[in-house]
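**Student:** Protein chains in written order, with the numbering used here: chain A, 1 to 313; chain B, 314 to 604; chain C, 605 to 1022.
Below you will find the structure I want to go over with you.
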C-alpha cells in the first residue's frame, strides 16, 4: 500500500475542516492572497501579449492600404483568407501545418519518452548523458537550421552518408522529411526533459512492488509509469503542439515555403512583415490563434490534462 | 509494501542471462540515444574546425584542424564576447524573473482556493497561442515610444512573457503533486503559510523548478526575433543576433564555418550549466521528506 | 465575485495604460524637432560591411565634417532581416536611422509609404549615373534614392572549352553538347527566393515579356512571349541541360559549382570573378565573362544594386543629403570599384583604364548594365516577387506546365498589385 501522500489528489482521503489544525488562512484571505500572487503574471502577459494582440485584432477589421484613411471592412480580411482570394494558399498552409504538427509531435513524444525512461535509470555517467541529451535543444535555432539545411544540400553530408543524390529541398516529399527530421532532432529533448521531470515523482517503491508482483517491464510501463507520468506527458505534448502549430524557422530556412511547406506562420510573416498588410496579417494571426485555441481546447477536454486540483473540502 | 510473497525463482544462471540481456539492451539504447543527440553536434564541431577551403569536403574527420573559424568568431569585427555578456545578462534575468513570477502564481493555482482557476490557466495557455510576429511590431512601437530600444529590458520583458505560461503549467503540476500533509505538519509546528512554502514545499519542488529554470534559460538564450528587432548596436545585442550578422567575403557568402564555430561556442556553456544543475532535475519525494 | 471584479479592473488598467502610452506619444521619438539647419551627426544603417572598407570611407567623411559625423550601424546579414529592421523603424517613425542602405527593389516601396525624403534629381540622378540605376530610384516621377552601387548579371563561361562566348540560348545549349562528362551545362539561381525572380525576369524580359506595365499596376505577363521566355529555362531543366540539383542553387552554390569546374556556363553577379581568379581556384585563367545570352542575341540582365536613401523622420536631413552626394562622388565611386570590388553607378568609370586593371570584367559589365532592366517598380514589390517565385519554381521543377505557370502567375500578380 502506498502512503496516502503519494496518491493523486482526487484519491486522497477527504479532510474535514475540523481536522486541519493550525489553519491560519481564512477562505476569503486565500482568495485575496491568490489574487496578489497571480496579478504580476497577468499584468505582464496583458502588457506584452494582450496589448499587441488586441491592437492586431482591431486593425484586422480595416483594409490594407498604402496610405490614406483606414477603411472599415468588418470581416473582409478574414473572408479573404477563408474563402476569398487567398483561400487556396490559406487552406494549403492549414493542411501542411497540421501535417507537420502531427508527425513531429508523435515522433518527438515517442522518442522523448524513450529518452526519458533511459535517463531515469541510475547508471554511471547519467549526468553526462542528461547533459548530452539537451544538446540539440540548446543549440540556437538559427544555427541548427543552417546546419541541417546544409546537411541536406544535394552535396551535403546526408547524401554522402546515405550514398544518394536526392535534392532534399528541391522536392516535396524530401523537403517535408528533412524538416521533420530537423525538428524532431531539435525538440525531442524538450519533451524528454519534461517527461523526465514527471518521472521523478514516481517513487521507486512503486516499481519494486510491481516487480515483486511479477510484472514485466512492458506491463510496468503501461500500468504504472504511463498513468503516473500522464500529467507531465500531457503538458509536454500540449505545449509541443502549440509550438508546432506555429512552426516558422525550419520551413522558412529550408525551402522558403516552396514545395508545399508553407505553414500558417509563414503566411502570417509574409503578410505582416513582407507585404506590410497589417489588416490581412492581423486576420491571419487571429485565425491561427483560433485554430490553435480550438486544438488545445479539444486536447485538454478529450485527454483531460488535469492540472487544476480539486478543491480540498 | 506488498503483502504477498513472490514465488521463489531460484534458477540463478537463467536470471543472470536474463539480466545480461537486459543490460545489453539498455546500453544499446543509451548508445543510440547518445548518437541521435550528439552526431549532428559532432558534425557541427568538426565543420567548425575545417578551414574555408575544406569545409565542403564532407569528411568526418578534419584533415588539418584549424582554429580559423573560432578566431573569426572572436575577431575584432564581431563583438562576440560582448554578445556573450549580453546573452548572459538577458537570459539570466529572464530566468530569475520568470521563476519568481511563475512560482508564486503556480503556488496560488495549486494550493489556494479561489474561483476561475481554469480560466487563469487557460489564459496562460492562450498567450502561448499567438504567432510571435503578431506581437512584434506593436511591441516595437511601444518600446520605441518609451525609449527602450537597444536596452536589456526590451528583451527581458517579452522573453519573460513568452516563457511564463510553460513555467506556470509545469510548476503548477509539481505543486499539485506535493502532499498536503507536509505543509500542514509544518503549520502545526508553527510556520506561517509563507514559511511552510519556503522551507517545506519549495525544496520538494526543486526538480520542477530546475527543469523550468533550464528550459527558460535556454529559451531566452536562443531567442532571436525579439532581440533582433529591439536591439540595434553590439552593446545590447545577444549572441543570436551577433551570429545573424556574420558575413563571409561577399554579400552572398554563407559563413558556415564561423556559424558552426559560433554554435559550438554558444552551446558549450549551456551544456556545462546543465551538467552542474542536472542533479537537481532529479530527486523526488523520496529524497526530501522525512517519514 | 469581488476577486473577479478586482481582477478585471486591474487588467483593464494595465491594458489602457499600455494603449495610452502607445497612442499619446506616437510621434515623440520621431518628431522633427531637428536642429534648425538639419545638420548634425547621422546614423548610417546598413548590412554588415563584408568589404571591410566602408570604415575607411566613413573616416574620410568624418575627418572633413567633425560636427556631422557618420556612425555605421551594422544590421543582420540577410537582406530580409535588414528590410524588416528598416520597416519597423519607419512604422514607428523613429529617427534612429538617417541614411539607409536600400536594395534597389525596396526604394519604390519605401517611397510609396511616404517614408523617404525626396531628393534632387539634378544632383542624384544626373546623366553621369547609369540610366537603369536611376530608373530604380525613381517612383511616381520623383527621385527618392541616390544610386550607390549597381549590379548586373554576367555569363561566366569556360574559355578553355568555348572559344567565343554564345550570344543566344540556342548557341549556348549547342556548345554544351561536347562537354566533358560529369560537367553540367548551365546554371543560374533557381531556389525559391529573390534570385529566382532575377533569373526569371531575365529570361522573360529578354523574350519580350513583361510582368507589369509601366504603371506598375497592370499585369502583362499572360503573353506568348513570357511563355517563350520561361520555356527556355523549363525545357533546359527537362532535358538535363540544367542539372536538377540547380533547383536548390542560390548565388553561392552556383558559384561553387562553376569555380570547382562542374559547370560550363554560369549566370551570376560579377563577384564570382574574385574567387574564380584566386590562386587556388580550379579554373584560374580558364574562364571568361560575357553578357547574358538571349533568344535572339544578347540577353537582358536584371538590375541589382544599392540606393542610399534618407529617412523622412531623420533629424539631420541636410547632412544626410550631403553625405549621399559624397558617396556618389567620383572619388568615392572609384574607391568603391578599386578597394571594395563593387560596381560603380557612374558610367564614365567603366572606361577608366586603371579601374579596368583592377576589375577586368568592367567592360562586359558596362554592356550588361546599359542593357539592364530593373525588376518591377511597384510599392507591392514583395508580393509581386513572391507571386513570380511561387509560379516559376514549380514550372522549373516540372510539376506544372509553363502555360499553367504563367496563367497562375498572372492571377497571383493581379492579387499582389491590387
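Just so it is clear, CB atoms sit at the ideal spot from N, CA and C, and this is done for glycine as well.
Excluding the 5 residues flanking residue 720 of chain C on each side, which residues of the same chain have their C-beta closer than 8 Å to its C-beta?
**Tutor:** 711, 714, 748, 749, 913, 914, 915 and 916
**Student:** If you check the beta carbons only, do residue 530 of chain B and residue 404 of chain B fall under 7 Å apart?
**Tutor:** yes
**Student:** Between the Cα of residue 46 of chain A and the Cα atoms of B:436, B:336, B:464 and B:400, which residue gives the shortest distance?
**Tutor:** The option with the nearest alpha carbon to residue 46 of chain A is B:436.
**Student:** Give the list of continuous beta strand (DSSP E) stretches no shorter than 3 residues that lie fully inside the region 830-914 of chain C.
**Tutor:** 867-872, 891-894 and 907-914
**Student:** Residue 55 of chain A CB to nearest chain B CB: under 7 Å?
**Tutor:** yes
**Student:** Classify residue 535 of chain B as helix, strand or coil using the three-state DSSP reduction.
**Tutor:** coil
**Student:** Can you tell me the Cα-Cα spacing of residue 930 of chain C and residue 860 of chain C, whole angstroms?
**Tutor:** C-alpha separation (whole angstroms): 36 Å.
**Student:** Ignore the nearest five residues each way along the sequence and tell me which others in residue 718 of chain C's own chain have a CB closer than 8 Å to its CB.
**Tutor:** 916
**Student:** Any beta-carbon of chain B closer than 7 Å to the one on residue 793 of chain C?
**Tutor:** With 7 Å as the cut-off, residue 793 of chain C does not count as an interface residue toward chain B.
**Student:** Taking only beta carbons into account, state which residues of the region 555-566 of chain B come closer than 8 Å to chain C, listed in chain order.
**Tutor:** 557, 558, 559, 560, 561, 562, 563, 564, 565 and 566
**Student:** What distance in whole Å lies between the Cβ atoms of residue 453 of chain B and residue 542 of chain B, which are believed to be in contact at a cut-off of 8 Å?
**Tutor:** Indeed they touch by this definition, with Cβ atoms about 5 Å apart.
**Student:** For a contact defined as C-beta to C-beta under 7 Å, what are the partners of residue 232 of chain A on chain B?
**Tutor:** 486
**Student:** Give a yes or no on whether the C-beta atoms belonging to residue 521 of chain B and residue 487 of chain B are separated by under 7 Å.
**Tutor:** yes
**Student:** Could you tell me which uninterrupted beta strand (DSSP E) segments, each at least 3 residues in length, are contained entirely in the region 734-781 of chain C, listed from first to last along the chain?
**Tutor:** 750-756 and 758-762
**Student:** Please classify residue 428 of chain B: is it buried, with 16 or more other beta-carbons within 10 angstroms of its beta-carbon, or exposed?
**Tutor:** exposed
**Student:** Determine, using beta carbons only, whether residue 984 of chain C and residue 1020 of chain C come nearer to each other than 7 Å.
**Tutor:** yes
**Student:** Does residue 74 of chain A get closer than 7 Å to chain C when you measure Cβ to Cβ?
**Tutor:** no
**Student:** Can you give the Cα-Cα distance for residue 185 of chain A and residue 351 of chain B, rounded to whole angstroms?
**Tutor:** 10 Å
**Student:** Measure from the C-beta of residue 933 of chain C to each C-beta in chain B and report whether the shortest distance is under 7 Å.
**Tutor:** no
**Student:** Is there a Cβ of chain C sitting closer than 7 Å to that of residue 273 of chain A, yes or no?
**Tutor:** yes
**Student:** Whose C-beta lies closer than 7 Å to the C-beta of residue 483 of chain B among residues of the same chain, with five residues either side of it excluded?
**Tutor:** 521, 524 and 525
**Student:** Could you work out which residues of chain A lie near residue 544 of chain B, taking near to mean beta carbons separated by less than 8 Å?
**Tutor:** Simply none; closest approach about 15 Å.
**Student:** Are any of the Cβ atoms in chain B nearer than 7 Å to that of residue 652 of chain C?
**Tutor:** yes
**Student:** At what residues does the alpha helix (DSSP H) containing residue 716 of chain C begin and finish?
**Tutor:** 708-716
**Student:** To the nearest angstrom, how far is the alpha carbon of residue 577 of chain B from that of residue 358 of chain B?
**Tutor:** 6 Å
**Student:** Around the Cβ of residue 212 of chain A, are there at least 16 other Cβ atoms within 10 angstroms (buried) or fewer (exposed)?
**Tutor:** exposed
**Student:** If the criterion is Cβ atoms closer than 7 Å, does the pair residue 581 of chain B and residue 134 of chain A meet it?
**Tutor:** no
**Student:** Which bits of chain C does residue 140 of chain A rub up against, with CB to CB less than 9 Å?
**Tutor:** Correct list: empty, because the minimum Cβ distance to chain C is about 14 Å.
**Student:** Using a cut-off of 7 Å between C-beta atoms, extract the partners of residue 707 of chain C located in chain B.
**Tutor:** By Cβ distance, chain B contributes nothing, its closest Cβ being about 10 Å from residue 707 of chain C, past 7 Å.
**Student:** Strictly below 7 Å CB to CB, what residues from chain B border residue 681 of chain C?
**Tutor:** 557, 558, 559 and 560
**Student:** Compute the Euclidean distance between the alpha carbons of residue 997 of chain C and residue 1005 of chain C, then round it to the nearest angstrom.
**Tutor:** 11 Å
**Student:** Measure the beta-carbon distance from residue 392 of chain B to residue 555 of chain B and round it to whole angstroms, keeping in mind my assumption that it falls under 8 Å.
**Tutor:** 6 Å
**Student:** Mark residue 806 of chain C as exposed unless 16 or more other C-beta atoms lie within 10 angstroms of its C-beta, in which case mark it buried.
**Tutor:** buried
**Student:** Would you kindly work out how many angstroms separate the C-alpha atoms of residue 367 of chain B and residue 140 of chain A, rounded to a whole number?
**Tutor:** Cα to Cα, residue 367 of chain B sits roughly 24 Å from residue 140 of chain A.
**Student:** Report the three-state DSSP secondary structure of residue 823 of chain C (helix, strand or coil).
**Tutor:** strand
**Student:** Fully enclosed by the region 534-572 of chain B, which alpha helix (DSSP H) runs are 4 residues long or longer?
**Tutor:** 538-543 and 552-557
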